[in-house]
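Visitor:
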Amino acid sequence: QLRRAAGGPDAAAALRAATGLHTSLLDAEGRLLADTRPPPGMPAAAREAALALATSGRLVSPLVEDPASGGHALLLAEPAAAGLLVLALPAARLQPLLLTADGAPFDETRFPAVADETGRIVARGHEPERFVGQPMPGPARAALLGAPEGRWEGRNVAGLPVVVLHARSPLSGLSVGMGITPASLAQPYREAALLLV
Numbered sequence: 202q203l204r205r206a207a208g209g210p211d212a213a214a215a216l217r218a219a220t221g222l223h224t225s226l227l228d229a230e231g232r233l234l235a236d237t238r239p240p241p242g243m244p245a246a247a248r249e250a251a252l253a254l255a256t257s258g259r260l261v262s263p264l265v266e267d268p269a270s271g272g273h274a275l276l277l278a279e280p281a282a283a284g285l286l287v288l289a290l291p292a293a294r295l296q297p298l299l300l301t302a303d304g305a306p307f308d309e310t311r312f313p314a315v316a317d318e319t320g321r322i323v324a325r326g327h328e329p330e331r332f333v334g335q336p337m338p339g340p341a342r343a344a345l346l347g348a349p350e351g352r353w354e355g356r357n358v359a360g361l362p363v364v365v366l367h368a369r370s371p372l373s374g375l376s377v378g379m380g381i382t383p384a385s386l387a388q389p390y391r392e393a394a395l396l397l398v
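Numbering of the sequence shown is given in our numbering, commencing with residue 202 and proceeding in unit increments.
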C-alpha cells in the first residue's frame, strides 16, 4: 500500500487518511515537501533518520522522537517520484501487540519487550509509559547488539534481576525479548516440590 500511495501527488494526505498515521514527503536533502503533522512538522532528527533509512536497506528506522505521533515513532520510508515518502508508526501502537499472547500472564516478573537496533526500548509489557525511549542497561544492550539471538542475565531497566531471551530481525533491526525474574522462573519447581511433600 505504501508503494501504491507513493506514486500519487497527494500521497502524504492519502496515507494519513487511510492509516491514521502521520506521513511526510521529503526531498533528497531532507526538506519537507508535504507533512500531515501540525507545524512545525516532522522533527529534524526524524528527517535525518528517514534519509538514513532510505539508504540502509532496512525496513524500519531506529526509534525517533515525534511529539505528533505520541512521543516516539518508528519510520518506514519509500522512494517516490516526488521524493521520499515517510510513514511514522507510533511506538504506542506496538504496545497492544506485546500483550496479546494467549495464556501468557505478563506482569512485573515476566514480560516481553521490543528494542530498536540501537538498544532503545520501543515497547515494553510492563510500565511502557516509564521506559519507552530509554536505553537498555549496558550489559543488556551489549548482549542484544552483540548477537542476533541469545540469552543474558542481569538487571533490567527497572533494576530487577532478570533472565532474558532475545531475537533480532535482520530486516527491521528490531529485537524482541522475554524477561523473567529468577524467582518467577523457579516458581513452578517450588510448587511441584510442595506437591511432593
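Where a beta carbon is used, it is the ideal one built from N, C-alpha and C, also for glycine.
Relative to the C-alpha of residue 262, which residue among 271, 270 and 252 is closest?
Guide: Here the question's residue 262 lines up with position 61 in the sequence shown. Answer by Cα proximity: 252.
Visitor: What does the Cβ neighbour count give for residue 326, buried or exposed, with the cut at 16 atoms within 10 Å?
Guide: Residue mapping note: residue 326 aligns to position 125 of the sequence shown, counting from 1. By the 10 Å Cβ count, residue 326 comes out buried.
Visitor: Could you name the residues of the same chain whose beta carbon sits closer than 6 Å to that of residue 231, not counting the 5 residues immediately before and after it, in chain order?
Guide: By one-based count along the sequence shown, residue 231 stands at place 30. Correct list, in chain order: 248 and 252.
Visitor: Output the distance between the C-alpha atoms of residue 256 and residue 346, rounded to the nearest integer angstrom.
Guide: What you label residue 256 is simply residue 55 of the sequence shown in a count that begins at 1. What you label residue 346 is simply residue 145 of the sequence shown in a count that begins at 1. C-alpha separation (whole angstroms): 21 Å.
Visitor: Give the DSSP-derived three-state secondary structure of residue 230 in the structure shown.
Guide: Against the sequence shown, residue 230 aligns to sequence position 29. If DSSP states are grouped into helix, strand and coil, residue 230 belongs with coil.
Visitor: Taking the beta strand (DSSP E) that residue 241 belongs to, which residues open and close that run?
Guide: Along the sequence shown, one-based indexing puts residue 241 at 40. Looking at the DSSP string, residue 241 is not in any beta strand (DSSP E), and its letter there is neither H nor E.
Visitor: Whose C-beta lies closer than 6 Å to the C-beta of residue 235 among residues of the same chain, with five residues either side of it excluded?
Guide: Indexing the sequence shown from 1 puts residue 235 at position 34. Here the set comprises 213 and 226.
Visitor: Name the one or two DSSP bridge partners that residue 370 has.
Guide: What you label residue 370 is simply residue 169 of the sequence shown in a count that begins at 1. For residue 370, which the question treats as bridged, DSSP gives no partner whatsoever.
Visitor: What span of residues does the beta strand (DSSP E) with residue 278 cover, start to end?
Guide: Mapped onto the sequence shown, residue 278 falls at position 77. Residue 278 -> beta strand (DSSP E) spans 272 to 281.
Visitor: Would you give the residue range spanned by the alpha helix (DSSP H) that residue 332 belongs to?
Guide: Taking the sequence shown and counting its residues from 1, one reaches residue 332 at position 131. Per DSSP, residue 332 belongs to the alpha helix (DSSP H) from 329 to 332.
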